[in-house]
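Everything on this sheet refers to the single structure shown next.
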Amino acid sequence: MKWNDYVVEHIDVGTWLIKDQIGSYLYLLEGREKCLLFDTGLGILPVRPVIERICSKPVVVINSHSHGDHVGCNYEFDNIYIHYADYESLVGEPYVPDSRTMALEVAETALGRKLTEMEKQGFMNEEERQKKQTVNKLQGKEIFELGNRQVEVIPCPGHTKGSIMLLDKSHRLLFTADSCCSTYGVLLMYPGATSVEEYYDALQKIWKRRDDYDRLYPGHHIYPLEMKYLEDFISCCRNVIEGQAEYIVNEEYQGCIFVTYQNAKLALPESCIEKYQLQRGTV
Ligand SMILES: [Zn+2]
Ligand SMILES: [Zn+2]
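Residue numbers (the numbering used here): 11 to 293.
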């Protein structure tokens with residue numbers, strides 16, 4: 011189904027994946043009393059009319075982290091939840107400077123055309139975006155009761171300091187956002203990312219709870235991901251920390267190296283070569 015240029019897919023009972031125009035994934039989870047929206051996309055076009063067509067109940071909005079491709083339609087909602095460690099970068103100075111201009115470039119490249127003046131006005135208007143919104147800080151242990159459906163906040167510092175996943179035990183789903191992703195992998199090279207060690211610790215805690223879920227829904231690219239992805243990211247981190255990993259350089263991404271292990275791919279800052287004594291690979 012396609013509404014407002016968003017593609018909506020029913021992925022489980024009372025659960026929808028909403029793809030925005032650049033391929034960011036939003037998730038809508040419906041309980042008996044409330045709905046939960048995990049992320050709001052890049053924000054080229056309003057998403058709220060799409061949400062309201064699916065679900066007429068009150069909507070709780072949670073951001074997986076503060077990057078522009080996940081918070082773009084926050085302005086359409088009165089109340090937003092984000093982990094406290096990403097709060098400042100959402101309401102103040104973003105981790106990646108000038109991220110709105112970058113977001114515009116991303117949007118135009120993805121669409122293969124320039125935005126119309128009207129789209130651009132909505133898209134670039136910071137004042138409109140930040141009006142009257144209450145941003146609530148998550149501590150990382152909350153359980154949201156949607157009515158016969160509980161969704162738990164699982165901290166996963168790594169991609170950003172305040173990145174979270176959401177766990178829905180009753181449906182056995184783990185929504186990983188950018189903390190476990192295929193294709194370009196998990197990006198730890200941007201300002202605001204944590205050390206590999208911190209990401210590794212977070213993943214291990216999440217892996218310990220693997221009996222609670224069996225499908226992973228990421229923020230971009232392939233979905234659902236097999237459980238093995240999580241294991242592979244853990245192994246990939248361990249290899250880096252132990253200096254056992256080989257890195258490759260991709261000229262397109264300056265200042266950044268890639269390390270892979272089976273399904274997992276980590277993008278790291280170049281400084282990691284020295285820090286972990288990594289060897290240059292041949293591929
Ligand atoms: Zn991100
Ligand atoms: Zn993203």
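Cβ atoms here follow ideal geometry from the backbone N, Cα and C, with glycine treated the same way.
Tell me the DSSP bridge mates of residue i?
i      : result
Ile28  : Val18 and Leu36
Thr270 : Lys275
Asn146 : Tyr91
Arg290 : Tyr257
Phe154 : Val161
Ile72  : Phe48 and Tyr91
Lys12  : Val17
Taking the alpha carbon of residue i as the reference point, which residue from the options has its own alpha carbon closest?
i      : options                           : result
Leu100 : Ile72, Ala120 and Ala117          : Ile72
Arg220 : Cys246, Glu252, Ala120 and Arg182 : Arg182
Asp22  : Glu98, Glu118, Glu207 and Lys179  : Lys179
Glu152 : Glu262, Arg58 and Ile174          : Ile174
Asn158 : Glu19, Gly24 and Trp13            : Gly24
Ser245 : Ile267, Tyr257, Asn273 and Cys166 : Asn273
Gln214 : Val259, Ile164, Glu236 and His230 : Ile164
Gly301 : Gln254, Glu280 and Ile258         : Because the chain here runs from 11 to 293, residue 301 falls outside it and cannot be looked at.
Arg58  : Ile90, Leu114 and Cys83           : Cys83
Leu52  : Val206, His20, Glu19 and Glu86    : Glu86
Glu162 : Arg63, Lys67, Asp222 and Val269   : Asp222
Ser74  : Asp224, Leu198, Phe185 and Glu262 : Phe185
Thr270 : Cys65, Glu207, Ala212 and Phe243  : Phe243
Ala212 : Ile64, Gly150 and Arg123          : Gly150
Gly253 : Glu207, Gln131, Met237 and Gly41  : Glu207
Thr292 : Lys285, Val259 and Ser34          : Val259
Lys238 : Asp224, Cys247 and Arg248         : Asp224
Would you mind stating whether residue i and residue j have Cβ atoms separated by less than 8 angstroms?
i      : j      : result
Ile28  : Leu36  : yes
Gly168 : Ser192 : no
Leu148 : His80  : no
Phe48  : Leu176 : yes
Phe154 : Leu226 : no
Ile251 : Ile267 : no
Pro234 : Val106 : no
Gly172 : Ser76  : yes
Asn89  : Thr50  : no
Val78  : Ala113 : Reading the sequence as shown, one finds Gly at residue 78 and not Val. For Gly78 and Ala113, yes; Cβs fall inside 8 angstroms.
Ala95  : Gln31  : no
Gly229 : Ala203 : no
Tyr257 : Leu288 : yes
Leu197 : Ala277 : yes
Ile54  : Glu103 : no
Leu156 : Glu62  : no
Ile216 : Cys166 : yes
Trp13  : Glu19  : no
Val60  : Tyr16  : yes
Ligand 3 and residue i: does any heavy atom of the ligand fall closer than 7 angstroms to the residue's C-beta?
i      : result
Ser109 : No copy of ligand 3 appears in this structure; the ligands present are ligand 1 and ligand 2.
**Message:** Which complete alpha helix (DSSP H) runs does the segment 78 to 128 hold, if anything under 4 residues is left out?
**Reply:** For secondary structure counted as the alpha helix (DSSP H) over 4 or more consecutive residues, the segment 78 to 128 holds these complete runs in sequence order: 78 to 81, 97 to 101 and 109 to 121.
**Request:** List in chain order: all unbroken beta strand (DSSP E) runs of 3+ residues lying wholly within the segment 167 to 211.
**Result:** The qualifying runs are 174 to 178 and 183 to 187.
**Request:** Counting only runs of 3+ residues fully inside the segment 35 to 70, write out the beta strand (DSSP E) ranges in chain order.
**Result:** Runs of the beta strand (DSSP E) spanning 3 or more residues and lying entirely within the segment 35 to 70 occur at 35 to 40 and 45 to 48, in chain order.
**Prompt:** Going along the chain, which unbroken runs of the beta strand (DSSP E) with 3 or more residues stay wholly within the segment 214 to 261?
**Reply:** Counting only runs of 3 or more, we get 225 to 228 and 256 to 259.
**Request:** Mind listing which residues have their beta carbon within less than 7 angstroms of any non-hydrogen atom of ligand 1? Chain order is fine.
**Result:** Ordered along the chain, the selected set is His75, His77, Asp79, His80, His169, Thr170, Asp188, Leu197 and Gly229.
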